[in-house]
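>
Number of protein chains: 2
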Amino acid sequence: MMLRQGLHLVRKLYRDGFKLTGLAGRQSLGQAQLPAPQPDRALTVSSWPFSSPPRDYSLPNESWTPEMQRLYDHYSALCEAETEEEKKRGPWRRLPSYNRTLKYATGGRCLSKVLQAKARLFTRNIEEPGASFEYVVFLNKQEKSCVCVFQAGHLLEGPPGHVHGGAIATIIDSVTGTLATYLSGPVMTANLNINYRSPIPLGSVVLVHSALEKVEGRKTSISCRVTSSDGGKLHTDATGLFVSINVGHLFGA
Amino acid sequence: MMLRQGLHLVRKLYRDGFKLTGLAGRQSLGQAQLPAPQPDRALTVSSWPFSSPPRDYSLPNESWTPEMQRLYDHYSALCEAETEEEKKRGPWRRLPSYNRTLKYATGGRCLSKVLQAKARLFTRNIEEPGASFEYVVFLNKQEKSCVCVFQAGHLLEGPPGHVHGGAIATIIDSVTGTLATYLSGPVMTANLNINYRSPIPLGSVVLVHSALEKVEGRKTSISCRVTSSDGGKLHTDATGLFVSINVGHLFGA
Numbered sequence: 105m106m107l108r109q110g111l112h113l114v115r116k117l118y119r120d121g122f123k124l125t126g127l128a129g130r131q132s133l134g135q136a137q138l139p140a141p142q143p144d145r146a147l148t149v150s151s152w153p154f155s156s157p158p159r160d161y162s163l164p165n166e167s168w169t170p171e172m173q174r175l176y177d178h179y180s181a182l183c184e185a186e187t188e189e190e191k192k193r194g195p196w197r198r199l200p201s202y203n204r205t206l207k208y209a210t211g212g213r214c215l216s217k218v219l220q221a222k223a224r225l226f227t228r229n230i231e232e233p234g235a236s237f238e239y240v241v242f243l244n245k246q247e248k249s250c251v252c253v254f255q256a257g258h259l260l261e262g263p264p265g266h267v268h269g270g271a272i273a274t275i276i277d278s279v280t281g282t283l284a285t286y287l288s289g290p291v292m293t294a295n296l297n298i299n300y301r302s303p304i305p306l307g308s309v310v311l312v313h314s315a316l317e318k319v320e321g322r323k324t325s326i327s328c329r330v331t332s333s334d335g336g337k338l339h340t341d342a343t344g345l346f347v348s349i350n351v352g353h354l355f356g357a
Numbered sequence: 105m106m107l108r109q110g111l112h113l114v115r116k117l118y119r120d121g122f123k124l125t126g127l128a129g130r131q132s133l134g135q136a137q138l139p140a141p142q143p144d145r146a147l148t149v150s151s152w153p154f155s156s157p158p159r160d161y162s163l164p165n166e167s168w169t170p171e172m173q174r175l176y177d178h179y180s181a182l183c184e185a186e187t188e189e190e191k192k193r194g195p196w197r198r199l200p201s202y203n204r205t206l207k208y209a210t211g212g213r214c215l216s217k218v219l220q221a222k223a224r225l226f227t228r229n230i231e232e233p234g235a236s237f238e239y240v241v242f243l244n245k246q247e248k249s250c251v252c253v254f255q256a257g258h259l260l261e262g263p264p265g266h267v268h269g270g271a272i273a274t275i276i277d278s279v280t281g282t283l284a285t286y287l288s289g290p291v292m293t294a295n296l297n298i299n300y301r302s303p304i305p306l307g308s309v310v311l312v313h314s315a316l317e318k319v320e321g322r323k324t325s326i327s328c329r330v331t332s333s334d335g336g337k338l339h340t341d342a343t344g345l346f347v348s349i350n351v352g353h354l355f356g357a
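In order, the protein sequences belong to chains A and B. Each position in the first sequence, counted from 1, maps to that position plus 104 in my numbering. Each position in the second sequence, counted from 1, maps to that position plus 104 in my numbering.
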């Protein structure tokens, strides 16, 4: 019954022009901070209706290493740069990140509670700072690319002392999917092809670079490289293929 | 200093014939329950030196749905079957699963504490039963294949109400890697190629079937299919390529 009510609510919101971002486990593409590339895909987020704002997990916390903070500061400075021609913001944007997919779109908190109150985004399911995925995505809308600064916590272990292949796949899926969503609207992952070249030590900070390869009809292809924080060492490379979807399909509409 | 002592200890243990299983974030291949295919890869686990035995995460708990329990019972019964020719155990084995990679091999708990006390296997990093990955792997040594019964908890969300692509990649990496480790000894993931065909609803139980494709020199190739619990629906298919490694390399030996 709860489920039926939830689905009804989803369908109604969807018919009413409710827009989703971050479908395939992406971070939310945010509100005023990220102008959507096409007007019909714009988020229609009203003012936050609750007493406290949602936690943005992509902001610095006490677990961040100096290297993580340094890279955050570096890309944040790029976000504040002005173009020479006129006094408008440059191409870089920091994307906020929340722990629910639906929660913060169109005041959708109630919606996700009905669907499943306890569900949490896989990459943000542990509250302890620094324990699992610490990451922040910076988007370059001009170049149709993004870079994610990723600090891998001690709960992501695979091989002794190193990051689990599944955790690497997870951050790759999240970052490439975020870019695909920004460029093409709601998408689902259709294929991930990942080459693991060099293991990533637990606790280290790496960069996840993603760039658009091509868009063909409903398919958006994104390339990805995970490197050491100085860019000198290639840990992983990958491609992600994403297919545009009608969000209602997820709810059986 | 702690790290140096840890590496020294690792190297010493390794020289002394210390054997690892489950390298690339696998579950431990266990003790007496799983005869290794080659004598020189056998675990040399002495009697458990601590007061309480380690928790085996692959045993039933209160979060398991009736479907999860039914499938567990089904494959457990196969493990107890006797062959017709003689009264010996059939080809099926349930693999135990712990939350550290090194911890329970050769009394290695101290070892992993020195390396990083707080590190936990990515798939077993949340203690709350049912919240994230509930899974158990059954190996068929005759057929060089295995099946994993996987119940996806509410903390694995990606698309609203569905399992994150990274969480699916994680269980695939774990299961195919477990089989590769059993067949070829210590390995690392070199490539994962994953086709996402149909999203997996949060809370559902699926089967992860893995089988050996081929072994060529240091390379072991494993195929994988994630299906609904009745086998009727294909959610995901994948191949995993694994490369045999010298464990010492992970520690800079």
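Every residue gets a Cβ at the ideal spot worked out from N, C-alpha and C, and that includes glycine.
Any beta carbon of chain A sitting closer than 9 Å to that of B:V309?
Cβ-Cβ to chain A under 9 Å: no for B:V309.
> Whose Cβ in chain B lies nearer than 7 Å to the Cβ of A:Q220?
H258, G265 and L306, listed in chain order.
> According to DSSP, simplified to helix, strand and coil, what is A:I298?
Strand at A:I298.
> Leaving out the 5 sequence neighbours to the left and right, which residues in its chain are closer than 7 Å to B:N165 when beta-carbon positions are compared?
P233, listed in sequence order.
> Is B:L296 close to chain A? Criterion is C-beta to C-beta, closer than 9 Å.
With 9 Å as the cut-off, B:L296 counts as an interface residue toward chain A.
> Quick check: the Cα distance between A:F237 and B:K192, rounded to an integer number of angstroms?
C-alpha separation (whole angstroms): 47 Å.
> Need the endpoints of the alpha helix (DSSP H) that B:Y176 sits in, please.
Segment P170 to E184, the alpha helix (DSSP H) holding B:Y176.
> Taking the CB atoms as reference points, tell me whether A:V253 and A:V267 lie closer together than 9 Å.
No.
> Tell me the DSSP secondary structure of B:G223 in three-state form.
According to the sequence as given, residue 223 of chain B is Ala; it is not Gly. In this structure, B:A223 counts as coil in the three-state DSSP scheme.
> Using DSSP with H/G/I as helix, E/B as strand and the rest coil, what is A:F239?
Per the sequence shown, the amino acid found at residue 239 of chain A is Tyr instead of Phe. The answer is strand: DSSP assigns A:Y239 an E or B state.
> Distance check for A:Y300 and B:T324, CA to CA, integer angstroms please.
So the alpha carbons of these two residues sit roughly 15 Å apart.
> Pick helix, strand or coil for A:D334, following the three-state DSSP scheme.
A:D334: coil per DSSP, three-state reduction.
> Taking C-alpha atoms, which residue in B:P303, B:K245 and B:K248 lies nearest to B:I272?
It is B:P303 whose Cα lies nearest to the Cα of B:I272.
> Could you tell me how far apart the beta carbons of A:C183 and A:R198 are, in whole angstroms, since I believe they sit closer than 8 Å?
About 5 Å separates the two Cβ atoms, so the contact holds.
> Could you run through the segment 270–281 of chain B and flag, in chain order, every residue whose CB is less than 7 Å away from some CB of chain A?
The residues in question are G270, A271, A273, T274, D277 and S278.
> Would A:R174 be called buried (16 or more neighbouring beta carbons within 10 Å of its own) or exposed?
Exposed, since its Cβ has fewer than 16 Cβ neighbours within 10 Å.
> What distance in whole Å lies between the Cβ atoms of B:L225 and A:E261, which are believed to be in contact at a cut-off of 8 Å?
Going by Cβ atoms, the distance from A:E261 to B:L225 rounds to 6 Å, so yes, they are a contact pair.
> Going by DSSP, what residue range makes up the alpha helix (DSSP H) through A:S201?
No alpha helix (DSSP H) contains A:S201, which DSSP labels as neither H nor E.
> Out of curiosity, what's the CA-to-CA distance linking A:L243 and A:L311?
For A:L243 and A:L311, the distance between alpha carbons rounds to 13 Å.
> Once DSSP output is grouped into helix, strand and coil, what is the label at A:H266?
Looking at A:H266 - three-state DSSP - the assignment turns out to be strand.
> Can B:A256 and B:G344 be called in contact, C-beta distance under 9 Å?
For B:A256 and B:G344, no; Cβs fall outside 9 Å.
> Got a sec? Which residues, its chain only, sit under 6 Å from A:S249 by beta carbon, not counting five neighbours each side?
A315, listed in sequence order.
> Would you mind working out which of B:E317, B:G307, B:L338 and B:A342 sits nearest B:L264, comparing C-alpha positions?
The sequence as given places Pro at residue 264 of chain B; Leu does not occur at that position. Comparing Cα positions, the closest option is B:G307.
> If you run the structure through DSSP and keep just helix, strand and coil, what is A:I349?
Coil at A:I349, not helix or strand.
> For the beta strand (DSSP E) containing B:L93, name the first residue and the last one.
Given that chain B is displayed from residue 105 to residue 357, the structure contains no residue 93 of chain B and the question cannot be resolved.
> Got a sec? Which residues, its chain only, sit under 6 Å from B:Y179 by beta carbon, not counting five neighbours each side?
Correct list, in chain order: F242.
> Could you pull the DSSP bridge partners for B:R228 from this structure?
In the DSSP output, where bridge partners are listed per residue, B:R228 has none listed.
> Tell me whether the beta-carbon of B:I275 lies closer than 9 Å to the beta-carbon of A:G270.
Yes, the Cβ-Cβ distance between B:I275 and A:G270 is below 9 Å.
> When you compare the CB positions of B:V279 and B:V347, do they come within less than 9 Å of one another, or not?
Not in contact: B:V279 and B:V347 (Cβ atoms no closer than 9 Å).
> For the candidate residues A:G352, A:A342 and A:L287, whose alpha-carbon lies nearest to that of A:E320?
Comparing Cα positions, the closest option is A:L287.
> Where DSSP assigns a beta bridge to B:I326, which residues make up the other side?
Answer by DSSP bridge pairing, in chain order: B:L316 and B:G344.
> Could you confirm whether any beta carbon from chain B is found closer than 9 Å to the beta carbon of A:I326?
No, its Cβ sits nowhere closer than 9 Å to a Cβ of chain B.
> Rounded to whole angstroms, what's the CA-CA distance from A:P170 to B:A235? Just pull it up for me.
Those two C-alpha atoms are separated by around 32 Å.
> Let me know the secondary structure DSSP gives A:S216 once reduced to three states.
Any reading at A:S216 must be qualified, since the residue scores a pLDDT of 43, below 50, and its modelled position is unreliable; the value itself is stated next. The answer is helix: DSSP assigns A:S216 an H, G or I state.
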